[in-house]
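Chains D and Y supply the protein sequences, listed in that same order. Each residue of the first sequence is one higher than the one before, counting from 155 in our numbering. Each residue of the second sequence is one higher than the one before, counting from 7 in our numbering. Ideal placement from N, C-alpha and C gives every residue a C-beta, glycine not left out. Since the structure comes first, as structure tokens, the remarks are kept for the end.
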Amino acid sequence: MSDTVAGLLQVGLLLLLLAACYRPLGAYLAWVFTSERHYRAEKAVYRVLGVDGDTQQSWQTYARAVLAFSAVSVLLLFGMQRAQAALPLSNGLPAVESALAFNTAASFVSNTNWQNYVPEVVMGHLVQMAGLAVQNFVSAAVGIAVAVALVRSFARSQTTLLGNFWVDLVRCCGRVLLPMAVLGTLALVAMGVVQNLSAGHHVISLVGQAQTVPGGPVASQEVIKELGTNGGGFYNANSAHPFENPSPTSNLFTNFLMLVLPVSLTRAFGLMVRDRRQGYALLAVMGTIWGLFLVGATFFETRGSGSVAAAAAGGAMEGKETRFGVWASTLWAISTTGTSTGAVNAAHDSLTPLSGGLALFHMMLGEVTPGGTGSGLYGMLVLAVLAVFVAGLMVGRTPEYLRKKITVREMKLVSLYILTTPALALVGTAIAMGLSTARSSILNPGPHGFSEVLYAFTSAANNNGSAFGGLTGNTPFFNVALGLGMLLGRFVPMILVLALAGSLAQQQPVPVTAGTLPTHRMLFVSMLVGVVLVVTGLTYFPSLTLGPLAEGL
Amino acid sequence: MVSQGWASARQLGAAVRAVVVFTALLGLLYPLAMTGAAQALFPNRADGSLVQADGRNIASSLIGQAYLRQVVTHGRPQVDADGQPILEPDPAWFQTRPSAVDYDGLGSSASQLGPNNPDLVATIAARRAAVAAFEGVPAAAVPADALTSSGSGLDPHISVAYAAIQVPRVARTRGVAADQVRKLVRAHTKGRTLGFLGEPRVNVVELNRALAGTE
């Protein structure tokens, strides 16, 4: 079988698995967030939390709960790292230095999982499983909760109530993420991912050399790392490490895990607004762009385009594992940058210039193809609102989406949302390039070095977490700057989305007339694809010309 | 404003309790229960797929190792300025890929060198010459995986092509028939899963363990 046929079949199987889950998982998700009944265990949790599961919240209260929960999470995670020396199961590792601990806490709470540390020699098992992995669950659930609140604002009318954050959070963790994680953990262990509490096994090789085979509760963290589109590796090499991703089978499975919730959420959306075609339309936009990026990146990577090193070696294998090769590494790179996961199974810094550039550009789209858990859906809905606004301008009608009018207030919020992330990414990059101390963190010479910095701030502001890893991130400047970028890039858009939801929920739906722009047809799908690409393209194009385009063309 | 402050305080109280509850359930109960289940169902895999020879652990079949020996000149083992032994590839064993971390199990990493980094280009050229000389093959016969470092620095696999050019040298050094070595390589070669997932590959850790058993 030729490489191309095998590679295409690999993509085909991934799509088949996603298609098989789309309806049942989408229906299940919709039920989880609309069901009136609380389970007994959930009621017990609400009692401990001191909340009433049947009380609904306004957008302001919902936002307060999101911020309070995330702030407490940052503090606890910071505290755990600082107290590591005194904690059990820490493999004798000392406290994490404070700037690094701040960066890591911000990173995991914001669902970014940017890593400025080498886990093997910095994070003990307890901080990993009781600190970092907990955030892998709850930060994903927070994203889904905010998305669900926005979807409810389209489904409801003349109300200020968007649901209860604590109920959405608990149900997402308990009914969705945990059961899937339990099954996924066992599947991963069966494939060879380790799951133990050992600090490592000392072995003496056949030639008498000592080696430590690392240990850890890896599978239980690996599964939620992908499922919650988090991406923080238990080990430094992330999903390139054989204990996180031992085989082509585990590779396809974890690639599937990072896509399955963002994809199925479009189905839940369609069901919740009682028009499944709207879900298909968003999915079509996400799938089209993901597909375009995959074709482009695979084309460049298999040919080794624009890379002197790939030409010298006879293939773009630098930074790639033998068991995955070029095809599976490229498929992963596009999936991880389209979902805000940021886990890597190959070194992105060593990708050929234009593939690496596509990975970078994919994040710049705002993590909407199909995006992070929840954040992909709300990001795409914001862009859909922008698209109907643009369409409205063209034909001179008041724009509306899902029978809600898009007025000045909605457009202000949407505009702020669209501007926040690029501002953080580009201003951060500009400041870093202006500081000689920051520039000294760059590993590779020429335009590629600029790409490393641009990639870092784009990854942080978009909450992706993958890196051009040559950049030395563990410096006071990058720890603080990227930490702030991640927190602002996560929570400013979330507040704007909740404010948008509060505004939409209060509206009386307008009747559908012959003049209403249908938002489920090909015309709107193409229009939205155009809006996504043009808006981000125009914003970032100058920066891309200085980095990947200068290197690759 | 009083009521708003009160509302925020109530959410904050719930937040503190929620973080504690989630840490207990998802941070302790879940991973410990999964560790118990994994150890009961798949003990060997959960512990790292360790492989033994002569009754001791020699490796994990998933984590690559370097097969090196100390350079000996005029009967004297050579050391560097720091007193550390100077190492070279041991011709008696199949060689793994170059590694950015020298197969240190506690330090997985790629080289992170960019696709046009002149240092990387020079390193690849030097490796091509060295591997060609070591195996006694033309420079053009050395495949890409022999010239590039992996994503993890712990890749246990090499390509089928890289294994093939090592066979004559291993056989010659060990004084066994090349066909016998080739048969071992074939036994440790895996095709693509289901015919299309991943890439064909040879597990060097398992191959060398089998090779040790032939003596």
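query, result
"Chain-ordered neighbours of Y:Ser-105 on chain D, where CB pairs are closer than 9 Å", "Those do not exist, as Y:Ser-105 stays about 11 Å from chain D at its closest Cβ, beyond 9 Å."
"Buried or exposed (CB count within 10 angstroms, at least 16 for buried), D:Ile-649", "buried"
"Limits of the beta strand (DSSP E) - the one that D:Val-357 falls within", "355-358"
"Proximity below 9 Å, CB of D:Val-263 to CB of D:Val-305", "no"
"Beta-carbon spacing of D:Leu-508, D:Thr-491 below 9 Å", "no"
"Min CB distance D:Asn-598 to chain Y below 9 Å", "yes"
"Status (buried if at least 16 other CB within 10 Å, exposed otherwise) for D:Gly-588", "exposed"
"Minimum length 4: unbroken alpha helix (DSSP H) runs contained in the region 188-234 of chain D", "194-203"
"Listed by chain order, chain Y residues near D:Phe-645 by CB distance under 7 Å", "Near D:Phe-645 there are no residues of chain Y at all, since even the closest Cβ is about 14 Å away, more than 7 Å."
"With 16 other Cβ atoms within 10 Å as the buried cut-off, status of D:Gly-520", "buried"
"Residue burial classification, Y:Gln-10 (beta-carbon count within 10 angstroms, cutoff 16)", "exposed"
"Rounded straight-line distance, which links the Cα of Y:Gly-113 to that of D:Glu-274", "7 Å"
"Within chain D, the residues that Y:Asp-185 reaches when beta carbons sit closer than 9 Å", "By Cβ distance, chain D contributes nothing, its closest Cβ being about 23 Å from Y:Asp-185, past 9 Å."
"Cβ of Y:Ala-131 within 9 Å of any chain D Cβ", "yes"
"CB contact check: D:Asn-270 to chain Y, cutoff 9 Å", "no"
"Continuous beta strand (DSSP E) stretch holding Y:Arg-75: start and end", "74-76"
"Chain-ordered chain D contacts of Y:His-163 [CB-CB under 8 Å]", "Glu-475, Thr-476, Arg-477"
"Best match in D:Leu-243, D:Leu-556, D:Gly-370 for proximity to Y:Gly-54 [C-alpha to C-alpha]", "D:Gly-370"
"From D:Gln-660, D:Glu-705, D:Gly-691, D:Gly-627, residue whose alpha carbon lies closest to that of D:Leu-254", "D:Gly-627"
"Sequence-distant residues of its chain with Cβ nearer than 6 Å to Y:Pro-104 (five each side left out)", "Ser-155"
"Cα-Cα separation between D:Leu-163 and D:Phe-447, rounded to whole angstroms", "18 Å"
"For Y:Pro-37 and D:Met-412, believed in contact at Cβ under 8 Å, the rounded distance", "About 20 Å separates the two Cβ atoms, so there is no contact after all."
"Cutoff 9 Å: D:Trp-185 Cβ touching any chain Y Cβ", "no"
"Alpha-carbon to alpha-carbon, Y:Ser-14 and Y:Val-8", "Model confidence at Y:Val-8 stands at a pLDDT of 49, short of 50, so the residue's coordinates are unreliable and nothing is read from them."
"C-alpha distance - D:Pro-333 paired with D:Leu-703, whole-angstrom precision", "44 Å"
"Partner residues on chain D for Y:Asp-96, Cβ-Cβ distance less than 7 Å", "Val-361"
"Distance between D:Ile-443 and D:Gly-161 (C-alpha atoms, nearest Å)", "19 Å"
"The region 403-419 of chain D touching the region 164-178 of chain D, judged by at least three CB pairs closer than 8 Å", "yes"
"Span separating the alpha-carbon of D:Arg-177 from that of D:Ser-252", "45 Å"
"Exposure of Y:Asn-50, with buried meaning 16 or more beta-carbon neighbours within 10 Å", "exposed"
"Backbone secondary structure at Y:Pro-91 - three-state DSSP", "strand"
"Cα-Cα separation between D:Ala-487 and D:Met-517, rounded to whole angstroms", "11 Å"
"Proximity winner among D:Leu-580, D:Asn-384, D:Asn-350, D:Ala-451, relative to D:Gly-706 (alpha-carbon distances)", "D:Ala-451"
"D:Pro-416: contacting residues in chain Y (beta-carbon distance under 8 Å)", "Simply none; closest approach about 21 Å."
"D:Arg-457 beta carbon near the ligand GDP (any heavy atom closer than 8 Å)", "For the structure depicted, the ligand GDP is absent and the ligand set is empty, with no information on it obtainable."
"Collapsed DSSP secondary structure at Y:Arg-62 in the structure displayed", "strand"
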